Structures are given as C-alpha cells and as structure tokens.
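Quick notes on the structure that follows.
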Amino acid sequence: MVSFAGAYWNLTAERLLEKLSSGREGLTQEEAVKRLKEAGPNTLKGSLNTHGLFLFLRQFKSPITLILIFSATLSFFLGERTDAFIILVIIMVSAVLGFWQERSAANALGRLLQLVQVDIPALRDGKECRIALEHIVPGDIVVLSAGNTVPGDCRLLDSKDLYTNEASLTGETFPVEKKCDQVPEMASLSERCNTLYMGTHVISGMASAVVVRTGLHTEFGAISQHLRRMQPETEFEKGIRRFGYLLMEVTLILVVIIFSINVFLHKPVMDSFLFSLAIAVGLTPQLLPAIISINLARGATNMARQSVIVKRLSAIENFGSMNVLCSDKTGTITKGEVTLYKALDYEGKEDSTVLRMAWLNASFESGFANPIDLAIKNYAPQDLAGIVKKDELPYDFIRKRLSILVAGEPSAPLTLITKGAFEKIISVCSDVAGKEGKRMPLEEVKDNLVKLYTSFSEEGYRILGVACKNISSASTSLTMEDEKDMTFLGMLLLTDPPKADIVAALQELHQLGISMKIITGDNALVAAHISRLVGQPDPVILTGAEIRDMNTEALSRQAGRTHVFAAVEPGQKEQILVALKKAGYVVGFMGDGINDAPALRSADVGISVNGAADVAKEAADIVLLGNDLKVLAQGVREGRKTFANTMKYIFMATSANFGNMFSMAGASLFLPFLPLLPKQVLLTNLLTDIPEMTIATDAVDPSLIAAPRKMDLSFIRKFMIVFGVISSLFDYATFGILLYWLKAPPAEFRTGWFLESVVSASLIVLVVRTSQPFYKSRPGKYLIISTILIVLVTLALPLSPFAGLLGFVRLPVRFYGWMSAIVLFYIIAAETAKRIFYHRR
Numbered sequence: 001m002v003s004f005a006g007a008y009w010n011l012t013a014e015r016l017l018e019k020l021s022s023g024r025e026g027l028t029q030e031e032a033v034k035r036l037k038e039a040g041p042n043t044l045k046g047s048l049n050t051h052g053l054f055l056f057l058r059q060f061k062s063p064i065t066l067i068l069i070f071s072a073t074l075s076f077f078l079g080e081r082t083d084a085f086i087i088l089v090i091i092m093v094s095a096v097l098g099f100w101q102e103r104s105a106a107n108a109l110g111r112l113l114q115l116v117q118v119d120i121p122a123l124r125d126g127k128e129c130r131i132a133l134e135h136i137v138p139g140d141i142v143v144l145s146a147g148n149t150v151p152g153d154c155r156l157l158d159s160k161d162l163y164t165n166e167a168s169l170t171g172e173t174f175p176v177e178k179k180c181d182q183v184p185e186m187a188s189l190s191e192r193c194n195t196l197y198m199g200t201h202v203i204s205g206m207a208s209a210v211v212v213r214t215g216l217h218t219e220f221g222a223i224s225q226h227l228r229r230m231q232p233e234t235e236f237e238k239g240i241r242r243f244g245y246l247l248m249e250v251t252l253i254l255v256v257i258i259f260s261i262n263v264f265l266h267k268p269v270m271d272s273f274l275f276s277l278a279i280a281v282g283l284t285p286q287l288l289p290a291i292i293s294i295n296l297a298r299g300a301t302n303m304a305r306q307s308v309i310v311k312r313l314s315a316i317e318n319f320g321s322m323n324v325l326c327s328d329k330t331g332t333i334t335k336g337e338v339t340l341y342k343a344l345d346y347e348g349k350e351d352s353t354v355l356r357m358a359w360l361n362a363s364f365e366s367g368f369a370n371p372i373d374l375a376i377k378n379y380a381p382q383d384l385a386g387i388v389k390k391d392e393l394p395y396d397f398i399r400k401r402l403s404i405l406v407a408g409e410p411s412a413p414l415t416l417i418t419k420g421a422f423e424k425i426i427s428v429c430s431d432v433a434g435k436e437g438k439r440m441p442l443e444e445v446k447d448n449l450v451k452l453y454t455s456f457s458e459e460g461y462r463i464l465g466v467a468c469k470n471i472s473s474a475s476t477s478l479t480m481e482d483e484k485d486m487t488f489l490g491m492l493l494l495t496d497p498p499k500a501d502i503v504a505a506l507q508e509l510h511q512l513g514i515s516m517k518i519i520t521g522d523n524a525l526v527a528a529h530i531s532r533l534v535g536q537p538d539p540v541i542l543t544g545a546e547i548r549d550m551n552t553e554a555l556s557r558q559a560g561r562t563h564v565f566a567a568v569e570p571g572q573k574e575q576i577l578v579a580l581k582k583a584g585y586v587v588g589f590m591g592d593g594i595n596d597a598p599a600l601r602s603a604d605v606g607i608s609v610n611g612a613a614d615v616a617k618e619a620a621d622i623v624l625l626g627n628d629l630k631v632l633a634q635g636v637r638e639g640r641k642t643f644a645n646t647m648k649y650i651f652m653a654t655s656a657n658f659g660n661m662f663s664m665a666g667a668s669l670f671l672p673f674l675p676l677l678p679k680q681v682l683l684t685n686l687l688t689d690i691p692e693m694t695i696a697t698d699a700v701d702p703s704l705i706a707a708p709r710k711m712d713l714s715f716i717r718k719f720m721i722v723f724g725v726i727s728s729l730f731d732y733a734t735f736g737i738l739l740y741w742l743k744a745p746p747a748e749f750r751t752g753w754f755l756e757s758v759v760s761a762s763l764i765v766l767v768v769r770t771s772q773p774f775y776k777s778r779p780g781k782y783l784i785i786s787t788i789l790i791v792l793v794t795l796a797l798p799l800s801p802f803a804g805l806l807g808f809v810r811l812p813v814r815f816y817g818w819m820s821a822i823v824l825f826y827i828i829a830a831e832t833a834k835r836i837f838y839h840r841r
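At position 165 of the sequence shown (counting the first as 1) the number is 165 in this note's numbering, and the numbers step up by one without a gap.
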C-alpha cells in the first residue's frame, strides 16, 4: 500500500486502521519492510540514485564524450579498428576512475548521514522503537511529543494537549490545537483538527497517530513537487556552474574552428573530427564533478573525525567561507545547565508559595522537556498527593507563557497557575499577592517590581514571573481568554553561567575571521551581562522591539555592527539572518530549538547539535556531535581545507591542460600532420588527470585556512589566461626544437611532445597547488606518489610493447635532454609568474 487516497480524516480511527491493514499495535517488521519497498523512502528529496550501474552510466553523460564514442565506433567499422579500440579503452578507463571516485563519495556520505538521522518513535511488532524517518511507511503507528517532526500525513488515534506548528503549510505562525474528533469529508486542510501533516512539527503535548501517506504523496509533498522546492545554490555551486560554461564556450569554438581548418587543409576528415573531439575532451572538465564529490566527501569524513557531521556536502564551502556565526547563548555561550537560584515575592524576599506554584506548573507540564522546568523540579522536590491536572495551555513563542489548571479538594475551585517571561506575566495580572493572603493592585507595586527585575537582570539572572487565579470547578478546559486578571505571586531567578573555556573558543573563532553574534530571547540587560563575561566589554545591543521598527535596509546596516540581538521573537531570527546576508556576510546560524528551523534554513549554513529537536536537526546542513564551539572551529578548518583542495584542481585544470589543448589546436593549423593522434590526445588527458585525482588528500597551506574565502571566477579566469599562455609558450618552444633543431618526423614529433606535455603537466601541479614557493609547501603523500608514477609511466610508454599501438616510437637520447630542459625552464617560469600573480592580487 503506497498511500491511502480517500478522505481519511472523515473515517473513524478503527475504520481507517482496517483500511490500512494495520492496528493499534503497529505493523510487523516484516510487513514494514515490504511496504517500504513498495512506497519507497519517506523523503521529499527523491532518492539519490547511487546504484553502481547508474553512477557508471553517468560518466558518459557529456555530449562530447558520446559523440566521440559514436565516431570511434564508426571508425571501427570503417577499418580503423586498432585506433578506435584504443580510443574506446581510454574513454572506458576514464569512466571507471570517475565512477570509483563518485561511488566512494556516495558511500562515505551515506555512512555519515546515518550518524545524525532523525528517528521517530513508532510501534513495530507491538513494541515502541525508534525508526529512521526515511523508513516510516503507511500503516505505522507513531508516538509523538514536543520537538518531534511529523513523519507523514497522519490521523490521530490519541492525543493530550497537542499543539503543532503548521506554518510551512498554511503560513499561520500560531500553534494549532489538534484533537481526535471526526471531521467532515469536505473540511479544508486547516479545519482537519484530527490530522497531522508532514513538514510540520509538534510544539507541545503528546499523541499517537497512524501514518496514512508518506513522501511525495503527502500534502507537503504535493506542494513540494508543484513548486519544485530546491535548496538554493551556494556561491561555490554558482561559481562551478559559471566556470563550466566558460570552458564549454571555449571548447565549442575550438572544435568548430579546428575541424573546419583541418578539413580545409585537406587532412583526413575522420581523423580531423576525432582530433577536434579529443581536444574538446581535454578542455572539458569531465572529472570536475567527480573531483568535487570526492573532495567534499573526504572533507566530510575528516570533519566527522572532529565530531562535525555534514548533511549537505555543498554546505562545506559555505562553512569555510562563513565570517559571521549567529547563535543563542544557552548551551553555546553558557553551560546550558540552568539552576534555580531563588523564588522571590514582590518585595524580593524568598517565598515558599511562589516556589510551590512554580513547581506544580513545571511538574505537570507535558510539552517539550526543557532545562528550566527541570531546574525548578530539581530545586526542591515536593508532594503531588491530592493534586490533579485538569488542563494545560502549552508554552508558545508568542505568549511566552505556560498555564496549568489543577484541582485539589473536589469542592474547591480549580487553580490556574501560569509562569513565563516576566513582562508577559505582568501583562495578564491585575493584582499582587501580599502578606497574609492580602492582595493589592498591581499598579501600586509595579514600579518596584520593574526595579527589582532590572536589578536582577543586570546581575545576569534570567527572570520568570509566576501568577495564579481561581477558576470555577465547572470549567473543563482552558482557553487563552482565561489568562487575564491574574494575581502576580513573584519571581524565579535562574542562572546559566558561561562555559569555562568559552572566551578561548570565541577568540579561536575570531582568529579564523569569524565574528560571533548572540541572538537570544532574554532581555537586553541579561544578554549584555553575559556578553561582557565572555570578552565583549561594551557590546552593541539591538532589541526585538527596535527591530520591529526597522525596515530591511536599516536592519542590514545595523546588523553588522551589532554584537547582541536581545529579546527577539522567533520570526525575527530569520529576519536578522536575511539582513546580515544582504549586507554581504556569509552567515552561519547555530540552533537546536523547535523554533529555530526557519532560521536554520535561511542561513548560508545551518548548524545544529545531535541532541537538538528533530525539526532543528532535520533543517540543519551540519550537525555537531558535541555542543562546543571548539568543535565548530575544528570543523571550519576542515571545511576550508576542502574548499582549498577543490580550488587547486580548478587551477590545475585551467593551467597546463588548457595550455596543452590550446597548443594542439594552434599546431594543427600549421603542421602538415596532426600534432597528436586522437588516441594520444585522450591518453594525455587521462594521464594528467590521475595526479589531480589525489588532490583531496593534499596538505593545505596555513594561509588558506586562516581566513574565510569565496570562489572568485574573475581570479580563475585570469589564472587560466596567464598560466595557459605560459604553458603554450613552452609548447611552441617544444614544437620549434622538435621541428627545426631535431628535425623530428611525425612519429618522433608526437612522441616527444607527448612526453613533454604529460611530464610538464604532472609536475606543474606541484607548483600551482600553493601560493608559496613550491619547495616550501610540502604536498600530500598520495599526490607525490601519483605524480612520480605518472612521470615514470609516461617515460616508459615509448619503450613498451604498446608503443606501436599508441603511435609512439623510441626517441634518441638527445631528445630527452631537450625535453628535460624545456620542462625545467617551464617550472621556473611558472613559479616566477605565480609569485608576481599572487603579489599583485
């Protein structure tokens, strides 16, 4: 059963379970596996096809490669069998290398994602267990609580004080109450109170529900498919795409010009066509996708060793380019170990009644487990005997309050106990509890309360208010209208001190070129106190109220200068990140709460922790296995290494390779023969690619890690022109020596230039891989080994039994001397040009 097509919200729970061939005990594991095969993975992204055959066939997706295969096959049937066979073998070897790279990358990423997958509590074989979100199937019974992602479109079976956030579907930011009531068949999506939707999440309460639809068959899946929702391209991805377009333009122009002129000069048409296509293959960055994939996958693997798990590989570049990190203070700046310091009355004196009421409120709270309620319950455990919870108004980020309705004696009135942000509690109170049960109007003591609040806030305490009122025992449920005309009882003072090593961690991030900005719901006084403790003596603070009065342009100007955003509302987090991005910053956001998902998606790189709410972990690009900024700094370094090594390949592909291909194009215009046979061109391309494939393991200069970097297409274009021209100059010097000094016939010319071309292109990798003098920057072990190996193989080919098949001949000894001199002077010239090039930059 892939999905249920009918109006399931209109059916009774038992009838729906019957239609889904399920029961309240859930599915058997055997049945679940069967349904997963039928329905496919429960994801909106579509399954990433990493099947071996698919990856292998993908290596031939380039139109130029396909044309080359067709042409070689045609040559085979026209009698050019040996050459055609060799060309096809070289193409196949290149495809196998690309396939191996991409398969390794896909496998590495799959293993890493298993470490941070979102698990959903579900019933299998009658027992509750945790099932990966992607493996949830129609008919599964899921058990949800606050912070859980809804794994599919579901029908409620049981619920208690359940509220969900459906903003992703309806745009409504307020919590939506859910109940098990039956709903009319024609009810609109927002009216289906018994239905939970994929793409939403639970913000409070508990429920069990049967999954009816999964993946693209859900309401969210239909929207996703209709709008073709995609992750926005990173700057790196845009740069790679533009770089590919640049090379393709040059390639197409060269193919047309070279083929036309060679035919005009009466050279063999088929050879000219194959030669033109072979040059196109040499220019086209065929291995670039594979190189980038393996580079990013290796970077992700290295980052995993630093307890940083990458969920989206393309985020690694943004991670390395990040120059602003926004984060809440709790658990990141502070220890995240909230402690109740004191419970005080309106005069600032300790009060057991305030503590008792706060304790009851925290004990009966059924929503998302949070450190504040835990701190209250641990402060002074009390007796619940005779106290019964009647109803609850869950905490939400608009009201910033939590209300519990409790009953004591059967005939006594019910008591509504509310705790929450001090300002929000004061706003619903009309009087204050005084001594000996007396009450006084709030206005008489409000100024004194505000003074106490300000004083304690300046000392760094987080302050909650506690209030209560009696409600008629006839009341059966709470509404938000009940939260008014309450009696203010007192305040709770909570502490959460900074981490012992936070100052050093922030300094480390600063040294990496990353500035830290705190975004917190706490008031400006508390935020300023914490900011001063962690090394920012005079923080610039912007409050949520001030942000409300700003337009986007004004916020963009102010955000860069601000150190702390205080008293912000959940929706303002996303607004702040958008403003920072508009101001030109590459912004990371670190969040772990239910209300952090929108900001995590809006950031250039969303960062969460493995213990975060499901919805936050699912929205993040990167997940930290430890909630520690030092771990983050280590991950940033690995991200920058990955970016640096990826850029090295691009520099390599645009220097010697571009120069060699351009030289071949020029030489074919004045030589009476093709400078290299098509199979020799392809072999040159294959051999020069092999050292470059090890670049992911290369060492990286400290200067490339010290600061954020972005892909600069203009710099790459200049690099390609400068080093391509240098390469071509030495190629033409080689032509002159081979033709006019050594009087080389066609076979010797091709062999000599092949040796010079491959050896110089392999060795020049060691020069362009670093901005330092090449002898001061030690390359990676595998790069050195592969370079030496390719040089030896290249020198041995003309002496091997395969020389004749490849069109090579043995060269006189003097040829090797001249070729060595050219390679040496080429390396010296490239090193000199590199120093001038980087110095001017």
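Built from N, CA and C at the ideal position, the CB exists for glycine as well.
Every value quoted in this text rests on a predicted model; they were computed, and no experiment measured them.
Have a look at the options and flag the residue whose alpha-carbon is nearest the alpha-carbon of residue i.
i    : options                   : result
I541 : K517, N551 and T149       : K517
S427 : V212, V466, G199 and H839 : V466
T884 : L783, P708, G560 and E317 : In this structure the chain extends from 1 to 841, so residue 884 is not present and cannot be described.
F220 : S455, T339 and G152       : G152
A603 : L133, N323, Q536 and K267 : N323
D849 : R462, L509, R399 and Y461 : Residue 849 falls outside the range modelled here, since the chain spans only 1 to 841, and no answer is possible.
I253 : A665, T218, Q306 and V809 : A665
A761 : R401, V700 and L686       : L686
F808 : T794, A821, A620 and Q306 : T794
F825 : I764, P812 and L799       : I764
F243 : P175, S777, T415 and F719 : F719
D431 : S457, L489, L414 and N378 : L489
A32  : L789, A407, E347 and G139 : G139
Q507 : V183, P678 and L632       : L632
A343 : M357, I333 and T332       : M357
Where does residue i land, buried or exposed, given buried means 16+ other C-beta within 10 angstroms?
i    : result
N595 : buried
R852 : Lying before the first or after the last residue shown, residue 852 is absent from the chain, which here runs from 1 to 841.
P773 : exposed
T832 : exposed
G804 : exposed
D328 : buried
M480 : exposed
K349 : exposed
S208 : buried
K834 : buried
Please list the terminal residues of the continuous alpha helix (DSSP H) segment that includes residue i.
i    : result
K342 : Element bounds for K342: not the alpha helix (DSSP H) but the beta strand (DSSP E), T339 to L344.
I721 : L713 to G736
G639 : L629 to A653
E191 : Run containing E191: none; DSSP gives neither H nor E here.
E618 : D614 to A619
E685 : Here the sequence assigns Asn to residue 685, which means Glu is not the residue at that position. Its alpha helix (DSSP H) spans residues P678 to E692.
Can you tell me whether residue i sits near the ligand NAD, meaning its C-beta is under 7 Å from at least one heavy atom of the ligand?
i    : result
V202 : In terms of ligand content, the structure shown is empty, and the ligand NAD therefore cannot be addressed.
Give the range of the beta strand (DSSP E) segment to which residue i is assigned.
i    : result
I519 : S515 to I519
G752 : Careful: G752 lies outside any beta strand (DSSP E), inside the alpha helix (DSSP H) at P746 to V768.
I131 : K127 to A132
I417 : L414 to A421
Once DSSP output is grouped into helix, strand and coil, what is the label at residue i?
i    : result
H839 : helix
T28  : coil
G659 : helix
Y197 : coil
S314 : coil
I822 : helix
A5   : coil
D271 : helix
Tell me the start and end of each unbroken beta strand (DSSP E) in the segment 437–462 that is at least 3 residues and wholly inside, in chain order. 439–441
Please specify which runs of the alpha helix (DSSP H), each continuous and at least 4 residues long, are wholly inside the segment 348–403, giving them in chain order. Counting whole runs of 4 or more residues, the segment 348–403 contains the alpha helix (DSSP H) stretches 352–364 and 371–379.
If we require 3 or more residues per run, which beta strand (DSSP E) segments fall completely within the segment 469–504? 486–495
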